[in-house]
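In full-length UniProt numbering, the protein residues as written are 1 to 132.
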């Protein structure tokens, strides 16, 4: 990255590790975490705004029916946000031991979160909104 901050990738590791011998690696890692977490929070707020908008659009129907269908969208968004936030906190702020098992479990968590959660979310949302 630069002479002041960098990541190190070890052959036995599944994820990059901040190079602590350089002066600003930890600071850069923390700042990247703050930026990523801010984007996660903004995405979740966007989901909440969309659900509120959908509920307002359907205000002519009974509120309980509308809330039940739109609450599922908010639930799935909350699940996605929670999983992303946990993985982000583990990578940017929690210093796990640099062992094969910890790195493998973390990397598999990231892979599964990115490979299976979005398609499941998409399938569930499409089951709520059948094509006419």
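For every residue, glycine included, the Cβ atom is placed at its ideal position computed from N, Cα and C. Given the structure is predicted, the values throughout are model-derived calculations rather than measurements.
Rounded to whole angstroms, what's the CA-CA distance from residue i to residue j? Just pull it up for me.
i           : j           : result
residue 102 : residue 108 : 10 Å
residue 45  : residue 9   : 34 Å
residue 4   : residue 25  : 7 Å
residue 78  : residue 92  : 21 Å
residue 28  : residue 94  : 15 Å
residue 21  : residue 81  : 33 Å
residue 50  : residue 122 : 15 Å
residue 98  : residue 30  : 18 Å
Among the options, whose alpha-carbon lies nearest the alpha-carbon of residue i?
i           : options          : result
residue 111 : 4, 15, 10, 2     : 15
residue 33  : 77, 86, 57, 55   : 86
residue 100 : 19, 11, 70, 125  : 11
residue 52  : 71, 17, 122, 119 : 71
How many whole angstroms separate the CB atoms of residue i and residue j, which I take to be in contact at a CB cut-off of 8 Å?
i           : j          : result
residue 88  : residue 42 : At roughly 13 Å, the Cβ-Cβ gap does not stay under 8 Å, so residue 88 and residue 42 are not in contact.
residue 48  : residue 75 : At roughly 12 Å, the Cβ-Cβ gap does not stay under 8 Å, so residue 48 and residue 75 are not in contact.
residue 106 : residue 90 : 6 Å
Please name the residue or residues paired with residue i in a DSSP beta bridge.
i          : result
residue 18 : 7
Problem - 4-residue-minimum alpha helix (DSSP H) runs that sit fully inside the segment 58-113, ordered along the chain - result: Inside the segment 58-113, DSSP marks whole alpha helix (DSSP H) runs of 4 or more residues at positions 63-92, from first to last along the chain.
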